[in-house]
Ligand code: FAD
Ligand code: ZN
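Residue numbers (this note's numbering): 43 to 512.
Rendered as structure tokens:
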């Protein structure tokens, strides 16, 4: 039996896609990576995934797990050898159970993030991961990249939100690790090993996730600020004023806000034009377990003090849920607005809050001096020290000239991040995009340990070949 025939026998003829039917799975969300594959397979159960892996191990066929294909580093795109299969988890999207008393939910890896949020809400609970791509990304992809998003400073990233995993190993065995415990010290933490491993150690088929009480009140505002220093100082002020209730603190540069309202004219900045033109904006959100009135009074008091201290220039406080959604829509539309302007050179970095302002000022100036004509697009989760520090072409530069400088731009940005004690990947992972850069910036002992783990867990090298480790 040839390889494709054997694979068809496992998942069924209709779930082995080739040619035009498989095409969209071979390109990443940004259109930066185009791969080839033997086929796109859509198994329907952990057992089918396990049989697929055993068959591929026998025939030395690589497997590229894929969820919503919204990843931003080419991790879910196969290489161009055409020898691997793409394994889509799209059919594995059951909500297996909700345990309200234990504040936990068990879901399959192909569940769309938004569907998990809705299932939690229907049970009167919150599932706290929130990303711009939540309408199409999956729990498996969120776990494999240890996704972050806009509520990390209150609830943690995907790692903190996961209690247990079910994983198909590179040997085609199923690890049943779905226990819903908040304490479990029984040896090495395999769950944390698979989270963030980008499909290079095994295929996640289900997860037990943590739920939280729904907040009683949510307050949102868009702040306009004169300087990046003021934005960082405002973060400290907000932490002191709101404590654990501070849920979101998103930075948006004036250029980003302008780009979003230009690309999507139906979206409006909630400010007079001269305020909207200020260089920095912050979308702040506070969730409270106390009453709406209490939340509003405290919100207005803290923002009022910040205005008196001249930390913020102006604040547009949302007065309704629709208004708050409109403010979030501005923030979440940035990646799409950016995409419409062409491919930019993206840097998903994190830094200690104490050095963010110096980094932004000095790096912006150094980039303009070294690469005249570039435009720096800065936004991100300032509350976590995580910036999306992207370098795009200005009006006088063409796409090819920008990409010709990619290596130089990366070196300039990452050397500064590294020198300041930051990370070259805060929440998107390594994938193909940063694979060659990792050895320069990761501790050599850590990198050696990672290679040892990879060789031990996947000795044939069939799990997402060519990703994360070069
Ligand atoms: P995919 O893109 O399909 O895969 C991503 C990686 O996970 C690949 O390496 C793949 O092989 C692996 N993988 C997928 N499923 C499995 C599985 N079941 N088992 C093992 N490995 C698997 N990310 C953030 O962290 N924060 C953000 O705020 C954020 N905002 C975004 C906004 C937009 C508009 C877009 C397009 C992306 C954004 N992302 C963000 C990036 C992306 O959405 C997340 O990384 C998301 O978690 C990827 O999920 P996915 O299902 O699309 O994974
Ligand atoms: Zn992000």
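Just so it is clear, CB atoms sit at the ideal spot from N, CA and C, and this is done for glycine as well.
Here the structure is a predicted model, which means the values were calculated and not measured.
Counting only runs of at least 3 residues, the stretch 351-393 fully encloses the following beta strand (DSSP E) elements, listed from N- to C-terminal order: 356-359 and 390-392. Exclusion of the five residues before and after residue 337 leaves 259, 261 and 330 as the residues of its chain whose Cβ lies within less than 6 Å of its Cβ. The C-alpha of residue 95 is placed about 12 Å away from the C-alpha of residue 128. If you ignore the 5 residues before and after residue 76, its C-beta comes within less than 6 Å of the C-beta of 69, all in its own chain and listed in chain order. By the 16-neighbour rule on beta-carbons within 10 angstroms, residue 432 is buried. For ligand 2, no non-hydrogen atom lies closer than 7 Å to the CB of residue 323. For secondary structure counted as the alpha helix (DSSP H) over 4 or more consecutive residues, the stretch 448-490 holds these complete runs in sequence order: 448-461 and 480-483. With contacts defined as CB atoms closer than 8 Å, residue 220 and residue 208 qualify as a contacting pair. Counting of Cβ neighbours within 10 angstroms places residue 227 among the exposed residues, the total staying below 16. Set against 7 Å, the gap from the CB of residue 371 to the closest heavy atom of ligand 1 is not smaller.
Between ligand 2 and residue 423, a heavy atom-to-CB distance of less than 7 Å is present. Annotated three-state conformation of residue 252 is strand, per DSSP. DSSP, read as helix, strand or coil, puts residue 180 in strand.
Residue 217 has 209 as its beta-bridge partners, per DSSP. Between residue 288 and residue 280, the CB-CB gap stays under 8 Å. The beta carbon of residue 398 lies closer than 6 Å to those of 274 in the same chain, with the five residues before and after it left out.
If you check the C-beta of residue 503 against ligand 2, you find no heavy atom less than 7 Å away. Secondary structure within the stretch 233-280: the beta strand (DSSP E) runs of 3 or more consecutive residues, fully enclosed, are 244-252 and 259-267 (chain order). In this structure, the C-beta of residue 365 stays at least 7 Å away from each heavy atom of ligand 1. Judged by DSSP in its simplified three-state form, residue 426 adopts helix.
Remark: the shortest separation between the CB of residue 430 and any heavy atom of ligand 2 falls under 7 Å.
Assigned with DSSP and collapsed to three states, residue 52 falls in helix. Counting C-beta pairs with one atom in each stretch, the stretch 106-126 and the stretch 457-475 have three or more that are closer than 8 Å, which means they touch. The distance from the Cβ of residue 357 to that of residue 347 is about 11 Å, inconsistent with a contact at the 8 Å cut-off. Taking C-beta separations shorter than 6 Å and ignoring five residues to either side along the sequence, residue 72 has no partners in its chain.
Shown here, residue 300 sits in a helix according to DSSP, grouped into three states. In this structure, residue 107 sits near residue 245, with a CB-CB distance shorter than 8 Å. Collapsing the DSSP output to three states places residue 66 in a helix. Between the alpha carbons of residue 509 and residue 463 lies a distance of about 25 Å.
Exclusion of the five residues before and after residue 188 leaves 199, 200, 201, 237, 238, 469 and 471 as the residues of its chain whose Cβ lies within less than 8 Å of its Cβ. Taking C-alpha positions only, residue 159 is separated from residue 389 by approximately 28 Å. Contact between residue 376 and residue 421 holds, with the beta-carbon distance rounding to 5 Å and staying under 8 Å. Ligand 1 never approaches residue 316 closely enough for any of its heavy atoms to be under 7 Å from the residue's Cβ. Non-local beta-carbon contacts of residue 301 in its own chain, meaning distances under 8 Å to residues more than five positions away in sequence, involve 376, 379, 380, 383 and 419 in chain order. Residue 177 and residue 154 have their C-alpha atoms some 7 Å from each other.
For residue 327, the CB contacts under 6 Å within the same chain, skipping 5 residues up- and downstream, are 262, 289 and 290 in chain order.
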